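K.L.:
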Amino acid sequence: TTWVNKIIHCLLRMDDEGRIQETKGTDLGASGQIYPEWLPAKKPDDPEWTGIGPGGHFGKVDFPELLAQPRPRLFSTHLPGPLLPKSIERQGRLVYVLRNPK
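Per the numbering used here, residue -5 is the first one in the sequence shown, and the count goes up by one each step.
Below, the structure written as structure tokens:
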């Protein structure tokens, strides 16, 4: 799923010359997959906080920062479809990845 995420990120942010476009602020999707269900509502106030997960990414970013990302936003989830917000059906696009379906 990581490679699909990176391909989609490039499709969303790459110009016709193959360069990733500069975005205002931090583009969270540039450094890997972002899982909204793993983001805290508010980051810890401790400046020494190293975060958790791969590269310490989780916990250094909070949910409001995800919402502040430039559109179109890209994020990953392991949530089943019925638990996703209904607005995604009207305004979003989903890419569903299956591994070894048998």
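We treat Cβ as the ideally placed atom computed from N, Cα and C, and that holds for glycine.
Here the structure is a predicted model, which means the values were calculated and not measured.
Residue 85: buried (16+ other C-beta within 10 angstroms of its C-beta) or exposed?
P.N.:
Exposed, because fewer than 16 other Cβ atoms sit within 10 Å of the Cβ of residue 85.
K.L.:
Just reading off the alpha helix (DSSP H) that residue 83 is part of, what are its end residues?
P.N.:
Its alpha helix (DSSP H) spans residues 81 to 85.
K.L.:
Can you pull the DSSP bridge partners for residue 14?
P.N.:
Answer is 8.
K.L.:
Just the Cα atoms here: how many angstroms apart are residue -5 and residue 41?
P.N.:
The alpha-carbon atoms of residue -5 and residue 41 are separated by roughly 32 Å.
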